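Enquirer:
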């Protein structure tokens, strides 16, 4: 994989173009996927970084589990909070003390990312890429890679979104590889890398509770951009074996909701109702129009079959009924 990273732009252009032709994908997507895979290899092959970081989120659903066909420029990573505080964030304490500790850990994370993680990540990626802290979010490291393809939608940049307030369990070890290595396996001496990743079942319930939150979004609160991705992701997981695996473990759903209530409290989100019998997956009526527009704007990031918005809503309605029948 390192050999491919050090090819000339023209050589990578040829490789990614041929890979895209074989796999019927956009060349810029093949290219970006390669750099996502390469960066994951650099992170999880490093003894210090691999012991402090955990892969999670939507990109893990496509890269590790093959559950979605949506491309993302974000690599979501959990930073071990033991590096940031001597206090156990899960110990019993008042809401005010918990909120204060949450703020302290996030502030310490900002300093740790800049002082410790950024130099380490720069060290393992500097042969090809450049890294910097995002100007608007100190929890994000932007990584620029050498692109052979001008593309209006896909910038030659990856966002490493690093947060300490996330659960590490359950997690698994998996191998990941790039689309280019699928098309031309003989060109890759080491096509795979190993990553530590949050289980798909936990991500299923993480997504479900995001949708439950959106079902209760107040009229005066605007839908955040790109939120339609959560509906698409859960729709795809609902059509996979992960659904049955997740629905055999409602204790995990309870764990997810308790975690959100502790670390991301929103009174309006009604997390205490995110359980069988009262879980809601369909969006609040007043955000449906915005959500539909958001999904249309996101469609170019889906490289597989693009389901209709109404089909997604119908599947989620069925899933909601199945979950709520388990009382």
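Residue numbers (my numbering): 111 to 437.
Every residue, glycine too, gets a C-beta built ideally from N, C-alpha and C.
None of the values given here were measured: they were computed from a predicted structure.
1. How close, in whole Å, do the beta carbons of residue 177 and residue 311 come, if the pair is a contact with beta carbons under 8 Å?
2. Can you give me the Cβ contacts of residue 329 inside the same chain, cut-off strictly under 6 Å, excluding the 5 residues immediately before and after it?
3. CA-CA distance, residue 357 and residue 120?
4. Ends of the alpha helix (DSSP H) at residue 352?
5. Between which two residues does the alpha helix (DSSP H) harbouring residue 165 extend?
6. Mapping DSSP to helix, strand and coil, what is residue 184?
7. In whole angstroms, give me the CA-to-CA distance for residue 438 and residue 363.
8. What residue does the alpha helix (DSSP H) around residue 339 start on, and which one ends it?
9. Classify residue 378: buried if its beta carbon has 16 or more other beta carbons within 10 angstroms, exposed otherwise.
10. Check each candidate in 239, 219, 138 and 133 and name the one with the smallest Cα separation from residue 254.
11. Taking buried to mean at least 16 other C-beta atoms within 10 Å of its own C-beta, is residue 291 buried or exposed?
12. Within this structure, are the beta carbons of residue 404 and residue 327 separated by less than 8 Å?
13. For residue 340, collect the residues of the same chain with a Cβ closer than 7 Å to its Cβ; drop the 5 residues on either side in sequence, then sort them by chain order.
14. Assess, as a yes-or-no matter, whether the stretch 189 to 196 is touched by the stretch 166 to 177 under the definition of 3 or more beta carbon pairs within less than 8 Å.
15. If you draw a straight line from the C-alpha of residue 301 to the C-alpha of residue 112, how long is it?
16. Please confirm if the stretch 124 to 134 is in contact with the stretch 149 to 168, defined as three or more CB-CB distances below 8 Å between the two stretches.
17. Please name the residue, chosen from 123, 150 and 154, that lies closest to residue 140 on a Cα-to-Cα basis.
18. Between 188, 198 and 245, which lies nearest to residue 227 when the distance is taken from Cα to Cα?
19. What does a CB cutoff of less than 6 Å around residue 380 pick up in its chain, not counting 5 residues either side in sequence?
20. Do the CB positions of residue 245 and residue 183 come within less than 8 Å of each other?
21. Can you tell me whether DSSP reads residue 231 as helix, strand or coil?
Expert: The structure says:
1. So it is not a contact: roughly 11 Å between Cβ atoms.
2. 396
3. 48 Å
4. 352 to 357
5. Note, residue 165: premise wrong, no alpha helix (DSSP H); beta strand (DSSP E) at 163 to 166.
6. strand
7. Outside the displayed span of the chain (111 to 437) sits residue 438, for which this structure offers no information.
8. 338 to 348
9. exposed
10. 239
11. buried
12. no
13. 317, 320 and 321
14. no
15. 10 Å
16. no
17. 123
18. 188
19. 326
20. no
21. helix
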